[in-house]
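Heads up: the sequence shown at position 207 corresponds to 190 in the numbering used here, and the numbers run straight through without jumps. By construction, the Cβ of each residue, glycine as well, lies at the ideal position given by its N, Cα and C atoms. What you are looking at is a predicted structure, and each value in this text was computed from that prediction instead of being measured. Take a look at the structure below.
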Amino acid sequence: MEDQNNWKRRNFIKGAFLGVVALSLTGCDYFSRNKTFTKILSQAETLNRKLQKAIRPRAAMAKEFSETDLSPIFPVNGNSNPENSTYQRHLGEGFENWTLAINGLVENPLRFSLNEIKQFPSRVQITRHDCVEGWSAIGKWKGVKLGDLLDRVRLKPTARYVIFHCADSDEDDVVYYESIDLEDAFHPQTILAYELNDKPLPVANGAPIRLRVERQLGYKMAKFIMEIEVSDRLSHVGEGQGGYWEDQGYEWYAGI
Ligand SMILES: Nc1nc2c(c(=O)[nH]1)N[C@H]1C(S)=C(S)[C@@H](COP(=O)(O)O)O[C@H]1N2
Ligand SMILES: [Mo]
């Protein structure tokens, strides 16, 4: 009896959660800024995060696949080649002079070259990427654990969020950005990937490095990262919702 009730509760929670996700199933590429929709989503947001925790603890690992599961082609979505002139110069130089700045609420702000990033122990993971536009693909990613870089710069006690500033922007010059909390930042599968399917990360998939935060939806996985900012809040970036798509109504915690 006890068990059955638990089971019913679980299914109810799951159903409610899927409803929330269904609300956000709109295109990544074509999205009209709709304030009412934004409001509905942000109310659903808090509920969604609680339900997420009830279903699967945040520390759980995302499923990892094997080589035979790899998708023949890993798709490209969103921006595929930032027009930004600094980015184009770095691309032309093979990212030889590109550096990743980590600053904000850290004791020791640093810049890492691509080579330095590759000197850290690497992690390889074969995971499934889910985009809200309705496609999924399995890819093999190699990169550095974000937590290792954050340990190197040493977070201040007030640090709460990690914000990724990207090289690309939309037709209104709004720059792509994303953010995660420390729980996800130090998750063992959260990496800054520099290889996809055993090759240097292609430009269209986010070269020189892109975020993999495997427990969340595709739009969280910032490509073309230029700078990482550690912060105690999200209100000062973009329109204050913690990400480019979040500013247009998507959930900030995009758990799968
Ligand atoms: N900088 C940046 N990151 C981005 C995007 C983007 O347009 N710009 N698109 C997001 C979306 S909606 C998805 S689904 C994935 C797509 O990654 P892919 O091009 O490697 O398939 O990147 C995400 N990260
Ligand atoms: Mo997406």
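For N60, the shortest C-beta to heavy atom distance toward ligand 2 is below 7 Å. Comparing alpha carbon positions, the residue from L129, A150, P171 and F95 closest to L194 is L129. In the DSSP assignment, R106 forms a beta bridge with G126. Ranked by Cα distance from E229, the options Y177, E76, K125 and V157 are led by V157.
Relative to the non-hydrogen atoms of ligand 1, the Cβ of Y236 never comes closer than 7 Å to any of them.
In this structure the region 143 to 156 lies against the region 210 to 221, because at least three pairs of beta carbons, one per stretch, are closer than 8 Å. When DSSP reads this structure, D164 sits in a beta bridge with Y144. Taking the Cβ of K101 as the reference point, every heavy atom of ligand 1 lies at 7 Å or farther away. Residues Q71, C149, A150, D151, S152 and F207 of the same chain have their beta carbon placed closer than 8 Å to that of P65, with the five preceding and five following residues left out of the count. For R72, there is no enclosing beta strand (DSSP E); the residue is part of the alpha helix (DSSP H) that begins and ends at S68 to G75.
DSSP places A45 outside any beta strand (DSSP E), giving it a letter other than H or E. With a threshold of 16 other beta carbon atoms within 10 Å, S162 meets it and is buried. In the DSSP secondary-structure assignment, E212 is bridged to N86 and I146. Per DSSP, I56 lies in no beta strand (DSSP E) segment and is marked neither H nor E. Looking at the DSSP output, L175 bridges to V127 and L194. Looking at the DSSP output, Q35 bridges to nothing. Contact annotation: V127 and P92 have beta-carbon atoms that are not nearer than 8 Å. The beta carbon of R106 sits closer than 6 Å to the beta carbons of K128 and I174 from its chain, once the five residues preceding and following it are set aside; these are given in chain order. In this structure, ligand 1 has no non-hydrogen atom nearer than 7 Å to the beta-carbon of G221.
8 Å or more divides the Cβ of A190 from the Cβ of F48. Partner residues in the beta bridge of A120, as assigned by DSSP, are H112. Residue environment: N98 is assigned as exposed (fewer than 16 neighbouring CB atoms within 10 Å of its CB, all protein chains considered). D131 is a Cβ neighbour of F103, given a cutoff of 8 Å.
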